[in-house]
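Participant: Residue numbers (UniProt numbering): 1 to 280. Where a beta carbon is used, it is the ideal one built from N, C-alpha and C, also for glycine. A quick note: this is a predicted structure, and the numbers were derived from the prediction, not measured. Encoded as structure tokens, here's the structure I'll be asking about.
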């Protein structure tokens, strides 16, 4: 993009409607969606890919009146000190101790309440910026537009709901894939099969006979994600691939405390497939 076009674009965010900006980030939602789909931490070490830095660069400290991020920060791998150094106001909300699509908490509710309250506490706020990855912000965005406020939205088109176009509820919207310059990678899951099965085999050799541990899918997904450097969603697809090819299965394992847990395990076909390769 040429400097002229860049300057023109940046001027879009220096209008009179941007004199007083409030930024609200559903960080729980954005963090897990970016990590699970792209293996991208919003608090990225590269400034041009760091969500907070990009927002500050766009709106400027002379225009921003509040900058808040809502999440269960006990589960998110982000340094609170680092976020505070970036002048982000932390709003901690407890979750149900799950990640990704199973995660349920009150982040979006707290965010919406604070946004509405700000219209009464600080009537000078002229522009509301929302960063989210789902449609939970639609009611608050719609209400603010009716109140005559400018609304701007940063979202993930890939994760956006199909039943409604959330961009219709904002004056300006931009996909986080473009805003954060996300790298869209293709992962060839076939190339991870051998190492994935070896990982399961090693786990079984170490812990398979113990009745206090079981191999759960969420834990294995996270281990694959870390081991292979792939997004959690791709790690889940790898597990599904191994199941479809009948190399990995699920068996009920009785634990010492009497609980019955579904535990992943190599199938006989998986052991047969792995045997000659393990000797190589």
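List the endpoints of the continuous alpha helix (DSSP H) containing residue 70.
Facilitator: For the purposes of this step, residue 70 is taken as residue 70 along the chain shown, with counting starting at 1. That residue, residue 70, is in no alpha helix (DSSP H); its beta strand (DSSP E) goes 64 to 71.
Participant: Taking just the CA atoms, how far does residue 128 sit from residue 61?
Facilitator: Translated into positions along the chain shown, residue 61 becomes position 61. Translated into positions along the chain shown, residue 128 becomes position 128. In this structure, the alpha-carbon of residue 61 lies about 15 angstroms from that of residue 128.
Participant: Quick check on the burial criterion: 16 or more other C-beta atoms within 10 angstroms. Buried or exposed for residue 221?
Facilitator: Start at 1 with the first residue of the chain shown, and residue 221 comes out as number 221. Buried is the call here.
Participant: So for residue 270, helix, strand or coil by DSSP?
Facilitator: Residue mapping note: residue 270 aligns to position 270 of the chain shown, counting from 1. Residue state, collapsed to three classes: helix.
Participant: Expressed to the nearest angstrom, what Euclidean distance is found between the alpha-carbon atoms of residue 108 and residue 212?
Facilitator: Your numbering for residue 108 matches position 108 in the chain shown. Your numbering for residue 212 matches position 212 in the chain shown. Cα-Cα distance, rounded: 37 angstroms.
Participant: Going straight from the alpha carbon of residue 180 to that of residue 244, what length do you get?
Facilitator: In the chain shown, residue 180 corresponds to position 180, counting from 1. In the chain shown, residue 244 corresponds to position 244, counting from 1. Distance between the alpha carbons of residue 180 and residue 244: 35 angstroms.
Participant: Three-state secondary structure (DSSP) at residue 136?
Facilitator: As a first step, residue 136 must be located in the chain shown, where it is residue number 136. DSSP places residue 136 outside both helix and strand once states are collapsed to three, so it counts as coil.
Participant: Among 133, 41, 144 and 57, which residue has its Cα nearest to the Cα of residue 293?
Facilitator: Residue numbering for the chain in the displayed model covers 1 to 280; residue 293 lies beyond these limits and cannot be assessed.
Participant: For the candidate residues 255, 262, 75 and 133, whose alpha-carbon lies nearest to that of residue 37?
Facilitator: Position 37 of the chain shown, counted from the start, is the residue given in the question as residue 37. The shortest Cα separation from residue 37 among 255, 262, 75 and 133 belongs to 133.
Participant: So, using beta-carbon positions, are residue 194 and residue 270 closer together than 8 angstroms?
Facilitator: Counting from 1 along the chain shown, the entry for residue 194 is found at position 194. Counting from 1 along the chain shown, the entry for residue 270 is found at position 270. Taking 8 angstroms as the Cβ cut-off, residue 194 and residue 270 do not qualify as a contacting pair.
Participant: I need the DSSP call for residue 89, collapsed to helix, strand or coil.
Facilitator: In the chain shown, counting from the first residue as 1, residue 89 sits at position 89. Strand at residue 89.
Participant: Would you call the CB atoms of residue 110 and residue 91 closer than 8 angstroms?
Facilitator: Residue mapping note: residue 110 aligns to position 110 of the chain shown, counting from 1. Residue mapping note: residue 91 aligns to position 91 of the chain shown, counting from 1. Yes, the pair counts as a contact, with Cβ atoms nearer than the cut-off.
Participant: According to DSSP, is residue 199 part of a helix, a strand, or is it coil?
Facilitator: Against the chain shown, residue 199 aligns to sequence position 199. In the structure shown, residue 199 sits in a helix (DSSP, three-state: H, G or I).
Participant: So, are the CB atoms of residue 28 and residue 70 less than 8 angstroms apart?
Facilitator: Along the chain shown, read from residue 1 onward, the residue named residue 28 stands at position 28. Along the chain shown, read from residue 1 onward, the residue named residue 70 stands at position 70. Cβ distance < 8 angstroms, so residue 28 and residue 70 count as in contact.
Participant: Figure out for me which residue from 75, 162 and 26 has the closest Cα to the Cα of residue 52.
Facilitator: Within the chain shown, the letter at position 52 stands for residue 52. Here the closest residue by C-alpha is 26.
Participant: Per DSSP, residue 173 forms a beta bridge with which residues?
Facilitator: For the purposes of this step, residue 173 is taken as the residue at position 173 of the chain shown. DSSP links residue 173 through a beta bridge to 153.
Participant: Given this structure, state the Cα-to-Cα distance separating residue 216 from residue 225, to the nearest angstrom.
Facilitator: Within the chain shown, numbered from 1, the residue matching residue 216 stands at position 216. Within the chain shown, numbered from 1, the residue matching residue 225 stands at position 225. Each residue's Cα considered, the two are about 14 angstroms apart.
Participant: Measuring only the C-alpha atoms, how far is residue 276 from residue 44?
Facilitator: Counted from its first residue, the chain shown places residue 276 at position 276. Counted from its first residue, the chain shown places residue 44 at position 44. So the alpha carbons of these two residues sit roughly 42 angstroms apart.
Participant: In angstroms, rounded to a whole number, what distance separates the CA positions of residue 247 and residue 238?
Facilitator: Reading the chain shown from its first residue, position 247 is the one you call residue 247. Reading the chain shown from its first residue, position 238 is the one you call residue 238. Residue 247 and residue 238: Cα-Cα distance of roughly 11 angstroms.
Participant: With three or more beta-carbon pairs closer than 8 angstroms as the criterion, would you say the stretch 155 to 174 touches the stretch 77 to 87?
Facilitator: no
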